[in-house]
Ligand SMILES: Nc1ncnc2c1ncn2[C@@H]1O[C@H](COP(=O)(O)OP(=O)(O)O)[C@@H](O)[C@H]1O
Ligand SMILES: [Mg+2]
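Protein chains in written order, with this note's numbering: chain R, 1 to 737; chain V, 1001 to 1227; chain X, 2001 to 2087; chain E, 3001 to 3087.
In structure tokens:
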């Protein structure tokens, strides 16, 4: 029989040593906990502090940097909820608001790719749901190891099927994402997922457990021993047991239960039955109980024996730490409890009253008459440690930046180079992946893969819509984290703008190595500064995001990989601009300027395995003007230039509808085709004079005309579309079939 | 004219089916899985999705829902019933249509616009097409491989009960490229592709496909002719 | 604690791509002595009281198997305690 | 014809949404005496010659089961001729 460690016991032997170090707590952190409590923590309290004060929950290393997002954010009356909420909320019309966020599920996706990716999607969708929104779409940002590494097949297939399996089963269209292969992610793939939701402005929810006497209801799946992050650390502490069945289990997703949870929560919101709500994510009940009560500045009393368990033998600290999926915590006034439980019943979802809101700032949790937790909830949720960790520019950076790709030997056969590049893992068509995702469900998807941004209609009457694009370039950020982060922002911004939408808000997921490594911490600080400065320049706020540290194998960190998501409003989705050439006879033009910028490029990587130099120069003032032009001009098609340069943009544009093109390049044809200068868009128009007039001081270069069944570069080469398609579209199917 | 669309707890394309019915000119009525009343609708659509999660076998559990008992009775009595994707699976599980739908031969979920040939226009749902018309409708399923024994397949072909066939390849390994079939009377049709996702140029198959709309207008004009 | 096991397999004439994929992967693992692989379901039913084989058969017939494509077998688990091992 | 059967089940502490969905559906079929359902895989390996249990175990470990979340059991099928019946 296990003895339960209670507050009473802790008071009796206040100095008994606790396994805090095994739980990832520092000695001084442990001292602070004792100070807060005036005694040693109980086993359950220790579990809760170790979870809430972990990097993942407390943002202890990133907080001092992330502040800039708030400080530098332009004033915006669109922002209804910002950083600190489950997800940022922006108003898009008088009556409608949109919430979106991108989050990581990297480590679980390496251990068990299918379930890791699936529960990553499930988790971000619950964040969106918790704001009062109906989730309306998802996107996935993936980074895998080398394409041909023996382990990559396992990870790719598992992750893609997991993203699809969960999202498809929830009925959320997947409207875009990213797929990048690079050996630096071999032992640490990145699986980021984004969800976006829409809500009537007056349905906005928050997490505060307000109203003394209100009832705390746990909704959704039963609680089991699931969990990798927090709980695995906990489990490694053994607590003198180490028995088989106390080991943490991989979280398994149950999208059907999540679908029921979504529908029942929405019904509860519409009926006005919810005072406060919080999703249960990585830190389970621990996080939900402490954050909801802390947000209200009140106390809470919770009874763990009421929590429906999958395994009856679970102990209080395990119940508190469990990461079981598909659960939400609701605060409901007593007279509405019955109505809430009736809605749960209707949808076949478990709903259980597990506690109530109390006077005073104490979180008191018991288990079968034993009080196992008695602490101030704010000390868990808000008063975690904050570190200004040491920063040091990576020792190799100067040499790396000096090793410019512009000096590499250049090819003589541009045709062969183009065919090699468009078939390379990062530039090839991603259809093999995106066909495993449902893009049609809900019937509002206007643009999705392979378009530059996903575009979703919000309203069938007004045709109001939103566009979202995400970008991240680990190589650029490795070369220059400040500029690399701004490059990702610029690209996502431009991808939204090419559809004709107006960018209004930003979310991000910052994937980095260990914050305890000063070089990584420097990369992080620089990237955050770049992103915050960039948003300030563009005049759009960061509304929320996620930090994922410790992405490394041994002591080798991944390339710093900030993924930036930009959201835009489209006033009339019927006028959206797609990326593909539409018919023969249109004029092809390039907006923006091409410089000789090859460092960090796909060409340097694919042809030379080279990474060095400085990433392309970013001019956000130019990006802003470009976006205005893209909205104002009468364009048949528009496709932004990024990885792979003009060669890639032309390839994608001709293949979209099988309309060929003939173009003439000025200057060095190699540079014109493969440079990755930012701030450029490939457009087609019927009237080039009108385009010039609309373009103002944005440079317009006429390249040629659409038509035929070949891609012809005058004086250089021609490639039949069939040959081009074969090269571009065959790669991933052949590798992972 | 009222078209009822059943919502099971895991239905996903029910809203799209209702939109398609509306765009065709019908009044769309949501039917709830736990309610056995069909609320006087003139036709029923069983939409796509994962009815009760469909972890065991697609459509296996849905077939036992209260609403399905009424649908099965009404279908035997001649009510037009259309099963799309998961709805097709439910119709097979309920034995309103022969055969079964199995995991795709390539084992991946596949979402792609697909060309189909309309082979039977003598059904409540396809009379608005012309015989052998080629249409483009999105396919999206993980378990869409139509399977039946040879005798059944021969019978379906002999009686002209193959309603849709995949052209230019086979997205899931269905036997004889079968994408959709009908019952003897022609009031019950099931197909794997999603006509409700091809009813608006803006959101339909790339390049502006609205080829699915005729399924919904067909049933309305047949009902109108009868009334 | 009484457990009934229902084994559900695709009928032999039905293509089993999952089994085939495994069979095709085996030579790559250096296994050449396996001639065919079929993958089905194993369903364990825990009864509250006495295990009822007839009931289990009825459940299998109605719900667990689709007899158009699958066949099934129902049996009592010899001993519910036979610890499953990861070896 | 020698057949080895590999039963692969989720480890007991792992959530089994499939089994749970079936368990929840049973009352609707009028079945109330089943308290829990777990669903796993049954894999039949046909060996060309003598069935090799060790080989089968190796295949199961490497390919058939994901030992992060599943455990497996390997056994000889008593008689390969036991006709599977649909009843
Ligand atoms: N994992 C994925 N999930 C969904 N869509 C993806 C994924 N990977 C790539 N895509 C889509 O493929 C297209 C090409 O991707 P990419 O070349 O990265 O676009 P861009 O250069 O415009 O950012 C885009 O529409 C993108 O949304
Ligand atoms: Mg782009």
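Ideal Cβ positions, reconstructed from N, Cα and C, are used throughout, including at glycine.
All of these numbers come straight from a predicted model, not from anything done at the bench.
Where residue 495 of chain R falls: helix, strand or coil (DSSP) = helix
Nearest chain X C-beta to residue 3068 of chain E closer than 8 Å, yes or no?
-> no
Output the distance between the C-alpha atoms of residue 1185 of chain V and residue 1121 of chain V, rounded to the nearest integer angstrom.
-> 12 Å
Since I believe residue 251 of chain R is in contact with residue 318 of chain R (beta carbons under 8 Å), could you give me their beta-carbon distance rounded to a whole number of angstroms?
-> Between residue 251 of chain R and residue 318 of chain R the Cβ distance is about 14 Å, and since that is not below 8 Å, they are no contact.
Go through the segment 615-703 of chain R residue by residue and report every complete run of the beta strand (DSSP E) that reaches 3 residues or more, in order.
-> 637-640, 661-663, 681-685
Would you check if the distance between the CB atom of residue 477 of chain R and the CB atom of residue 581 of chain R is smaller than 8 Å?
-> no
Write down the C-beta distance between residue 2063 of chain X and residue 1060 of chain V rounded to the nearest angstrom, noting that I regard them as a contact closer than 8 Å.
-> 6 Å
Pick out whichever of R/130, R/182, R/599, R/131 has its Cα sitting closest to the Cα of residue 152 of chain R.
-> R/182
Are residue 551 of chain R and residue 512 of chain R touching if we call contact CB-CB under 8 Å?
-> yes
8 Å Cβ cutoff, residue 3021 of chain E in contact with chain X | no
Enumerate, from N- to C-terminal direction, the unbroken beta strand (DSSP E) stretches of 3 or more residues contained entirely within the segment 115-155 of chain R.
-> 134-144
Mapping DSSP to helix, strand and coil, what is residue 292 of chain R?
-> helix
Should residue 2048 of chain X be labelled buried (16 or more other beta-carbon atoms within 10 Å of its own) or exposed?
-> exposed
Quick one: is residue 2063 of chain X near chain E, going by C-beta distance under 8 Å?
-> yes
What is the DSSP secondary structure of residue 216 of chain R, counted as helix, strand or coil?
-> strand
Along chain V, in chain order, which residues have C-beta atoms closer than 9 Å to that of residue 657 of chain R?
-> 1206, 1207
For residue 110 of chain R, which residues of its own chain have a beta-carbon under 6 Å away from its beta-carbon, when the five flanking residues on both sides are left out?
-> 189
Residue 3015 of chain E at chain X interface by Cβ criterion, 8 Å = no
In terms of alpha-carbon separation, which member of R/66, R/716, R/43 lies closest to residue 415 of chain R?
-> R/716
Pick out whichever of R/698, R/353, R/453 has its Cα sitting closest to the Cα of residue 335 of chain R.
-> R/353
Contact belief for residue 357 of chain R with residue 220 of chain R at Cβ below 8 Å, rounded distance in angstroms | Actually they do not touch by this definition, with Cβ atoms about 20 Å apart.
For the segment 559-582 of chain R, which residues have a CB atom closer than 8 Å to at least one CB atom of chain V, in sequence order?
-> 573, 574
So which residues of chain V does residue 3028 of chain E contact, with C-beta pairs closer than 9 Å?
-> 1061, 1064, 1065, 1066
Does residue 1056 of chain V come within less than 8 Å of chain E when only Cβ atoms are used?
-> yes
Can you grab the Cα-Cα spacing for the pair residue 94 of chain R / residue 462 of chain R, in whole Å?
-> 12 Å
Thinking just about the alpha-carbon of each residue, which of R/301, R/596, R/736 is nearest to the one in residue 431 of chain R?
-> R/736
Could you list which residues in chain R have their beta carbon closer than 8 Å to that of residue 3011 of chain E, in chain order?
-> 249
Does the distance from the C-beta atom of residue 7 of chain R to that of residue 505 of chain R stay below 8 Å?
-> no
Roughly how many angstroms separate the alpha carbons of residue 5 of chain R and residue 2040 of chain X, rounded to a whole number?
-> 46 Å
Assign residue 421 of chain R to buried or exposed, taking buried as 16 or more other Cβ atoms, counted over all protein chains shown, within 10 Å of its Cβ.
-> buried
Could you give the DSSP three-state label for residue 1140 of chain V: helix, strand or coil?
-> strand
Take residue 100 of chain R and list the residues in its own chain whose beta-carbon comes closer than 6 Å to its own, dropping the five residues that flank it on each side.
-> 196, 507, 567
Using the rule of at least 16 other Cβ atoms within 10 Å of the residue's Cβ for burial, across every protein chain shown, is residue 238 of chain R buried or exposed?
-> With a pLDDT of 37 at residue 238 of chain R, under the threshold of 50, the modelled position of this residue cannot be trusted, and the question is left open.
Using a Cβ cut-off of 7 Å, which residues of the segment 1175-1204 of chain V contact any Cβ in chain R, in chain order?
-> 1194, 1197, 1202, 1203
Do you know offhand how far residue 297 of chain R's Cα is from residue 306 of chain R's?
-> 24 Å
Chain X contact residues for residue 1144 of chain V, given Cβ-Cβ distances below 8 Å | Here the premise fails: no neighbours, minimum Cβ distance about 13 Å.
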